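Each remark here refers to the structure printed beneath this line.
Below you can see the structure in the form of structure tokens.
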């Protein structure tokens with residue numbers, strides 16, 4: 369290790385026209401994320417590129433499968449907002465200002481119709497409202 373430089377204007381390891389390999393890392397330390405970049409002059413890799421390629425191509429399929437499975441696992445853990453939409457109606461601002469307890473608002477959907485089930489605001493299912501163990505619940509009837 370000789371030194372490090374934070375300002376890329378002062379790094380003179382290559383000329384402006386030389387090809388470089390830029391590798392970006394996302395580091396997470398104690399819950400905080402930052403990006404780090406590694407710049408490798410192509411000339412330093414040129415002499416060993418055949419060795420790198422042959423080692424990479426032998427393990428590539430296995431690495432791709434492992435990476436794909438890990439990505440799938442992470443995607444399955446993402447939480448999304450699920451909404452059961454009873455219906456909608458249009459009212460004036462005046463009507464809203466006059467609402468009081470026990471007022472009845474008629475929606476555009478019949479009580480015995482299936483309701484729209486939205487995932488992150490996008491309709492994905494039809495369902496029915498009910499009660500399960502004392503809580504409101506949705507039963508999926510079909511996928512849209």
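Numbering (our numbering), first residue to last: 369 to 512. Note that CB positions come from ideal geometry on N, CA and C, so glycine has one too. Nothing here was measured: the structure is a model prediction, and the numbers come from that model.
* DSSP on residue 434, reduced to helix/strand/coil? -> helix
* Would you call the region 475 to 486 and the region 449 to 458 in contact, with 3 or more CB pairs under 8 Å? -> yes
* To do: Could you name the residues that DSSP lists as bridge partners for residue 495?
  => 483, 508
* Using 8 Å as the threshold, is the region 501 to 508 in touch with the region 459 to 474, meaning 3 or more CB pairs across them? -> no
* Is residue 502 buried or exposed, if buried means 16 or more other CB atoms sit within 10 Å of its CB? -> exposed
* Asked: What residue from 478, 480, 512 has the CA that sits closest to residue 493's CA?
  -> 512
* **Where residue 411 sits in the DSSP three-state scheme** => helix
* Keeping to the same chain, check which residues put their C-beta closer than 7 Å to that of residue 382; ignore five residues upstream and five downstream. => 388, 409
* Asked: Apart from the five residues on each side of it in sequence, which residues of its chain come closer than 7 Å, Cβ to Cβ, to residue 444?
  -> none
* Would you kindly work out how many angstroms separate the C-alpha atoms of residue 432 and residue 379, rounded to a whole number? => 34 Å
* Asked: To which residues of the same chain is residue 462 closer than 6 Å at the C-beta, ignoring the five residues directly before and after it?
  -> none
* Start and end of the alpha helix (DSSP H) containing residue 466? -> 461 to 466
* To do: State the CB to CB distance for the pair residue 385 and residue 405, rounded to an integer number of angstroms; the pair is presumed to be in contact (CB under 8 Å).
  => So it is not a contact: roughly 20 Å between Cβ atoms.
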